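K.L.:
Residue numbers (my numbering), protein chains in the order written: chain E, 11 to 358; chain R, 11 to 358.
Please read through the structure below; I'll follow up with questions.
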């Protein structure tokens, strides 16, 4: 997918998921863009500079869109939930700002990461501020007309999602340190790291929109499965993408950080002794990342791990789509099903 | 004040503010201790290890106590607000974990800081988790019996306080970089960095406890002024404390990080040309921190900056105490007045 727009001009990124045309079709998108692009305007300080830099140009806005669509899918009022949608993006961007420090990724969305531009110390504070902003946004739903009882329910799921995100990040470190090749543990990790915020966005939207227990459960499953599928595709992209800036950050990042992502784990399962030796060698910390990427890529292709990863991603995307069957048919449900298909389309 | 207990055994720190005797006198203290000491027990992971390490041994628990007392002072039910009190400590500890990375302070509460033990990358995640926990705790107030409308009001003030905390940290960096000697800007910075969370704790307690507009306003002022007084004393302590571990972290930290705290700013105002030259020389980044501390200390004492700082801290503590006049007399109000006096007693 596209890295989003490359300038500060407010416009829609020209990718398949969020074209200008779709902005007109998808409820709330234009409003969302406007709010996100002006969110930190009043903050005339270094902190404001950092938060603006982190937030604009925007990414795919997947999480806020899921929140809006989930609210609409259960018959909610989009005006009541718009601040919360803005908040999920703040929370997501906060995690990117901190992640980029941790992974030492210097580029994000086609320009320097916050820590690369402002220093790691300041970037820690900027991430914290955006994390607090997620909850400030939730509180703003009151002013927007949402019922207090629904806001508290959304608070519960969002705080829980944030904690699971941290669990996922911490588990990722444990997996990397232990050089674990356990596929189930990897799936748990990405479910926490990526699925939790997708789930949180969907469930917060459904709760704020007044959804019933069954709808909230279904949208939670949708978020989990979509998040897993999405992350699997992201991981796969490091080995199938041919353009280093295609997803706005270095494809070498996973290799440089010695991340055994799904394609690597599946390659280990299928590799012969030579292949295994090549993989082991590739994960030697002394090796040049570009060389390591090429070595891993060779084994991944040879063992069919690309196809196997893709198949797993597609299965999770299908599970996401199936979960939507519990909802009444609406344009929102229809679009969410489309999102699930689009999320894996880049590797299909 | 004491650095808190030095072992994992749950006990009360033997300092003047939170002795075992006072634990019996102060409502909720024992319960608070138990909850905080077991908060991360279910988290059987690296993340859990880090959060436990950060949270136990405990510090002064100033913020949770202020939240509990504020709730009681407006006639609230302590059971309804206990989770929120736990949350303010999570939020405070989160900021310490991230602060220690930023300041490269290796010790905290008499043992290694989280980043010193687990690495900066992991510590970023641990801080984030504790920050999310603050909001998870707020949501738990529902189960504890608090009204949803009050929880949303508390959410508003707590999210705002968190953002102000970040503004303060970022402003501190700007002040340090610019070598600003502006006392008003310094006071704004500590009001944001320290006062905001004190204010947030007091106001969240008052809101959850069902306080009226005037009470909430008064407790906000109390929190601000107490926070400012408290931070002024902390800053002064670097130059008056004679034990490097007395406050559980290195007294050299401010000097090492080239922080122009209040005593330094006031010394600059009063210094003759020789004194000014000595201060300038002390803030040379090449200088050994211990030597720099001694040089600054000399000028601070010679110019009467210690007494001037102390006088300012006392004025803010008095303002905090006066703000309480708007509340009806209760044992909580009485204890909060006592806390204001105790906060500055260590430098009196």
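The beta carbon of each residue, even a glycine, is placed where N, CA and C say it ideally should be.
Bear in mind that the values here come from a model prediction, so they are computed numbers and not experimental data.
Would you tell me roughly how many angstroms separate the C-alpha atoms of residue 98 of chain R and residue 299 of chain E, rounded to the nearest one?
P.N.:
Cα-Cα distance, rounded: 43 Å.
K.L.:
Taking the runs of the alpha helix (DSSP H) that are 4 residues or longer, which of them lie wholly in the segment 169-244 of chain E?
P.N.:
You should have 193-200 and 206-218.
K.L.:
For residue 209 of chain R, would you say it is in contact with chain E, using Cβ-to-Cβ distances shorter than 7 Å as the test?
P.N.:
Not one chain E Cβ lies under 7 Å of residue 209 of chain R.
K.L.:
What do you reckon, are the CB atoms on residue 50 of chain E and residue 62 of chain E nearer than 7 Å?
P.N.:
Taking 7 Å as the Cβ cut-off, residue 50 of chain E and residue 62 of chain E qualify as a contacting pair.
K.L.:
Would you kindly work out how many angstroms separate the C-alpha atoms of residue 123 of chain E and residue 87 of chain R, rounded to a whole number?
P.N.:
Near 46 Å, if we compare the C-alpha coordinates of residue 87 of chain R and residue 123 of chain E.
K.L.:
Find out if the Cβ-Cβ distance for the pair residue 76 of chain R, residue 211 of chain R is shorter than 7 Å.
P.N.:
Yes.
K.L.:
Compare the C-alpha of residue 143 of chain E against each of R/117, R/275, R/158 and R/172 and name the closest.
P.N.:
That would be R/172, whose Cα lies nearest to the Cα of residue 143 of chain E.
K.L.:
What separation, rounded to the nearest whole angstrom, lies between the Cα atoms of residue 268 of chain E and residue 290 of chain R?
P.N.:
Residue 268 of chain E and residue 290 of chain R: Cα-Cα distance of roughly 46 Å.
K.L.:
Could you list which residues in chain E have their beta carbon closer than 7 Å to that of residue 141 of chain R, in chain order?
P.N.:
Near residue 141 of chain R (Cβ distances below 7 Å), the residues of chain E are 138 and 141.
K.L.:
Residue 118 of chain R by DSSP, collapsed to three states: which one?
P.N.:
Residue 118 of chain R falls in the strand class under three-state DSSP.
K.L.:
Does DSSP put residue 54 of chain E in a helix, in a strand, or in coil?
P.N.:
Residue state, collapsed to three classes: coil.
K.L.:
Can you list, in chain order, the residues of the segment 98-127 of chain E whose Cβ is nearer than 7 Å to any Cβ on chain R?
P.N.:
From the segment 98-127 of chain E, only 108, 111 and 112 have a Cβ closer than 7 Å to chain R.
K.L.:
Strictly under 7 Å for the Cβ-Cβ distance: is residue 179 of chain R near chain E by that measure?
P.N.:
Closer than 7 Å: yes.
K.L.:
Please report the residue range of the alpha helix (DSSP H) in which residue 307 of chain R lies.
P.N.:
Residue 307 of chain R -> alpha helix (DSSP H) spans 299-312.
K.L.:
How many Å lie between residue 151 of chain E and residue 207 of chain E at the Cα?
P.N.:
Taking the straight line joining both Cα atoms gives about 19 Å.
K.L.:
Taking CB distances under 7 Å as the criterion, tell me whether residue 189 of chain E reaches chain R.
P.N.:
Not an interface residue.
K.L.:
Run through DSSP, which three-state label would residue 346 of chain R get?
P.N.:
The answer is helix: DSSP assigns residue 346 of chain R an H, G or I state.
K.L.:
State yes or no: is the beta carbon of residue 172 of chain R nearer than 7 Å to at least one beta carbon in chain E?
P.N.:
By this cut-off, residue 172 of chain R is an interface position.
K.L.:
Looking at chain E, which residues of the segment 150-163 of chain R have a Cβ within less than 7 Å of any of its Cβ atoms?
P.N.:
Residues 152, 158, 159, 161 and 162.
K.L.:
If you follow the alpha helix (DSSP H) that residue 144 of chain E is part of, which residue opens it and which one closes it?
P.N.:
Here the alpha helix (DSSP H) through residue 144 of chain E covers 130-153.
K.L.:
Per the contact definition of three or more C-beta pairs closer than 8 Å, is the segment 224-239 of chain E in contact with the segment 177-187 of chain E?
P.N.:
The segment 177-187 of chain E vs the segment 224-239 of chain E: no contact.
K.L.:
Since residue 68 of chain R is in the alpha helix (DSSP H), which residue starts that stretch and which ends it?
P.N.:
Careful: residue 68 of chain R lies outside any alpha helix (DSSP H) and carries neither H nor E.
K.L.:
For a cutoff of 7 Å on Cβ pairs, would you count residue 254 of chain R as touching chain E?
P.N.:
Note on residue 254 of chain R: pLDDT 49, under 50, position unreliable in the model; no value is reported.
K.L.:
Closer than 8 Å by C-beta to residue 280 of chain E: which residues in its own chain qualify, once you throw out the five before and the five after it? Chain order, please.
P.N.:
Hits under 8 Å: 313, 314, 315 and 318.
K.L.:
Within 10 angstroms of its Cβ, does residue 109 of chain E collect 16 or more other Cβ (buried), or is it exposed?
P.N.:
With 16 or more other Cβ atoms within 10 Å, it is buried.
K.L.:
I need the straight-line Cα distance from residue 353 of chain R to residue 83 of chain R, nearest angstrom please.
P.N.:
Distance between the alpha carbons of residue 353 of chain R and residue 83 of chain R is about 19 Å.
K.L.:
State yes or no: is the beta carbon of residue 66 of chain R nearer than 7 Å to at least one beta carbon in chain E?
P.N.:
Answer no: the Cβ-Cβ gap between residue 66 of chain R and chain E never drops below 7 Å.
K.L.:
Could you check which residue in E/244, E/65, E/331 and E/148 has the C-alpha nearest to that of residue 214 of chain E?
P.N.:
Selected option, being the one with the closest Cα: E/148.
K.L.:
Give the residues of chain E in contact with residue 57 of chain R, contact being defined as C-beta atoms less than 7 Å apart.
P.N.:
176, 177 and 180, listed in chain order.
K.L.:
With distances taken from CA atoms, which of E/330, E/242 and E/102 is nearest residue 198 of chain E?
P.N.:
Taking only the C-alpha atoms, the option nearest residue 198 of chain E is E/242.
K.L.:
So, for residue 320 of chain E: in the same chain, excluding its five sequence neighbours on each side, which residues have a beta-carbon less than 6 Å away from its beta-carbon?
P.N.:
357.
K.L.:
From E/107, E/145, E/80 and E/118, pick the residue whose C-alpha is nearest to that of residue 130 of chain E; which is it?
P.N.:
Minimum Cα distance to residue 130 of chain E is reached at E/107.
K.L.:
Considering only their Cβ atoms, is the gap separating residue 146 of chain R from residue 164 of chain E smaller than 7 Å?
P.N.:
No, these two residues do not count as a Cβ contact at 7 Å.
K.L.:
Beta carbon of residue 103 of chain E, beta carbon of residue 46 of chain E: below 7 Å?
P.N.:
No, the pair does not count as a contact, with Cβ atoms beyond the cut-off.
K.L.:
Closer than 7 Å, Cβ to Cβ, to anything on chain E: give me those residues from the segment 62-90 of chain R, in chain order.
P.N.:
If the cut-off is 7 Å between Cβ atoms, the segment 62-90 of chain R has nothing near chain E.
K.L.:
Against residue 166 of chain R, what residues of chain E qualify as contacts under a CB-to-CB distance less than 8 Å, listed in chain order?
P.N.:
Correct list: 146, 149 and 152.
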